[in-house]
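Number of protein chains: 2
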Amino acid sequence: MPRLSSPRSGCPIANTLEIVGDRWSLVILRDMVNGKRRYSDFLASPEGITTNVLADRLAMLERQGIIASEPYQRRPQRFEYGLTEKGWGLLPVLQEICRWGNRFIDGTWVAPDAFMRRKPGVSDEER
Amino acid sequence: MPRLSSPRSGCPIANTLEIVGDRWSLVILRDMVNGKRRYSDFLASPEGITTNVLADRLAMLERQGIIASEPYQRRPQRFEYGLTEKGWGLLPVLQEICRWGNRFIDGTWVAPDAFMRRKPGVSDEER
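Which chain is which? The protein sequence lines are A and B, in order.
Each step along the first sequence adds one to the number in my numbering, with nothing skipped, and position 54 is 910.
Each step along the second sequence adds one to the number in my numbering, with nothing skipped, and position 18 is 874.
Below, the structure written as C-alpha cells:
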C-alpha cells in the first residue's frame with residue numbers, strides 16, 4: 857500500500873486523516889457504498905460538490921488505492937468508480953460517523969438500517 | 857445541540873464532517889482520550905500542530921460542545937480541556953479510523969490495546 861511521502865507521525869489516526877481528513881472524501885465514499893458509480897451521480901448528491909473538488913478527490917482516492925475506476929464509454933471516455941477492499945475497509949468508520957451524527961446533531965436524517973448493518977462487499981445494485 | 861447554520865444536507869455523515877472533517881480535530885481528540893489536557897501537551901504531539909491551528913480547533917470544538925475547558929491558572933489565565941459526552945461519543949470513530957490505518961497504511965504504530973478497548977469515560981490520568 858502506498859505510504860505518504862512525508863507522514864506527520866506513525867499514528868494510524870493522523871495517517872488516515874492525511875488521506876480522508878477533509879469534508880468531502882468520506883461523502884464520496886458514502887455514495888459509493890450506496891451504489892453510485894458515475895461522476896454525474898456524485899455531482900447530483902445534495903451536498904453539491906463542485907466538479908473540480910470531485911475530480912481532485914476521485915484522483916486522490918484512486919491513487920491511494922481506496923477506489924478503482926474502469927471505462928464504461930468511449931468518445932468521450934467515461935469512467936465508473938467503485939470501492940476496493942481498502943475502500944470498503946472504511947465502511948465501519950462511515951457507520952460510526954453516522955451513528956454519532958444521528959445522536960448528536962439535531963435534525964440529521966436517520967441512516968437506513970441497510971446502511972448501518974451493511975458489510976463490506978458489492979453494492980446494492982450488483983446484488 | 858447546536859446545528860450548523862447552513863448544513864450541506866441532512867446527512868449525518870456530511871454534517872459530522874462539517875465539524876470534524878479536517879486533518880487536525882480528531883488528532884486533538886485522540887490526545888484528549890489519551891489524557892492530554894493542556895495547550896502545551898497538544899503542541900508537543902509529534903504531528904507538530906501549529907499554535908494558530910490548535911487555537912482555532914479548540915475554540916471550534918468547544919463551540920460545538922465536543923470539548924469543555926476550565927481555568928487551572930490565573931495571571932496569565934490558562935485552561936485545561938477535556939471531552940464532553942458528545943466528545944467521548946467520537947471514540948468509536950477514532951477506534952475505527954485506527955483499525956483502518958493499522959490495516960491499510962504500512963508502518964503505522966499499532967494502537968495500544970488500552971486505546972482500542974477504551975470505553976467513553978474519564979481519562980487514564982483520572983483513574
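Cβ coordinates follow ideal geometry from the N, Cα and C atoms, glycine included.
Item to check | Near-chain A residues of the stretch 884-909 of chain B (beta-carbon distance less than 8 Å), N- to C-terminal order | outcome: Per Cβ criterion, the list reads Arg886, Ser901, Pro902, Glu903, Gly904.
Checklist entry - What is the rounded straight-line gap between the Cα of B/Gly945 and the Cα of A/Pro932? => result Answer to the nearest angstrom: the Cα atoms are 46 Å apart.
Next on the checklist: I want to verify the contact list: residues of chain A whose CB lies under 9 Å from the CB of B/Lys942, in sequence order.
Outcome noted: Ordered by position in chain A, the residues that pass the 9 Å Cβ test against B/Lys942 are Trp956, Arg959, Phe960.
Checklist entry - Based on the DSSP secondary-structure assignment, which residues constitute the bridge partners of A/Ile923? => result Answer is A/Leu939, bridged to A/Ile923.
Checklist entry - Quick one: Cα of A/Phe971 to Cα of A/Asn890, how far? => result A straight line joining the alpha-carbon of A/Phe971 with that of A/Asn890 spans about 8 Å.
Checklist entry - Going by the beta-carbon positions, is the gap between B/Trp956 and A/Cys867 smaller than 8 Å? => result The answer is no: Cβ separation not under 8 Å.
Checklist entry - For chain A, is any of its Cβ atoms less than 8 Å away from the one on B/Leu914? => result It does not: the Cβ of B/Leu914 has no partner Cβ on chain A nearer than 8 Å.
Next on the checklist: Does B/Ala967 pass the burial test, meaning 16 or more other C-beta atoms within 10 Å, or should it be called exposed?
Outcome noted: With 16 or more other Cβ atoms within 10 Å, it is buried.
Next on the checklist: Between the alpha carbons of A/Met857 and A/Ile923, how many angstroms are there, rounded?
Outcome noted: Unreliable placement is indicated for A/Met857, whose pLDDT of 46 sits below 50; the coordinate value is still reported in the next sentence. Between the C-alpha atoms of A/Met857 and A/Ile923 there is a straight-line separation of about 13 Å.
Checklist entry - For the candidate residues A/Pro927, A/Pro902, A/Tyr928, A/Tyr895, whose alpha-carbon lies nearest to that of A/Asp912? => result The shortest Cα separation from A/Asp912 among A/Pro927, A/Pro902, A/Tyr928, A/Tyr895 belongs to A/Tyr895.
Next on the checklist: So B/Leu950 contacts chain A; which residues on that side make the cut at Cβ distance below 7 Å?
Outcome noted: By Cβ distance, chain A contributes Ile869.
Checklist entry - Nearest chain B C-beta to A/Ile923 closer than 8 Å, yes or no? => result Using a CB distance cut-off of 8 Å, A/Ile923 does not count as an interface residue toward chain B.
Item to check | Member of B/Lys892, B/Ile953, B/Trp880, B/Arg973 whose CA lies at the smallest distance from the CA of B/Asn908 | outcome: Among B/Lys892, B/Ile953, B/Trp880, B/Arg973, the Cα nearest to that of B/Asn908 belongs to B/Trp880.
Next on the checklist: For a cutoff of 8 Å on Cβ pairs, would you count A/Ala911 as touching chain B?
Outcome noted: Answer no: the Cβ-Cβ gap between A/Ala911 and chain B never drops below 8 Å.
Checklist entry - Less than 7 Å between the CB of B/Ser896 and some heavy atom of the ligand GTP, yes or no? => result In the structure on display, the ligand GTP does not appear, and there are no ligands present to speak of.
Checklist entry - Under 9 Å Cβ-Cβ, which residues of chain B neighbour A/Arg879? => result What A/Arg879 touches in chain B: Arg864, Ala870, Leu873, Glu874, Gly877, Asp878.
Checklist entry - Taking Cβ to Cβ, would you say A/Glu936 is nearer than 8 Å to A/Arg886? => result The Cβ atoms of A/Glu936 and A/Arg886 lie no closer than 8 Å to each other.
Checklist entry - For chain B, is any of its Cβ atoms less than 8 Å away from the one on A/Leu946? => result Yes, because at least one Cβ of chain B sits closer than 8 Å to the Cβ of A/Leu946.
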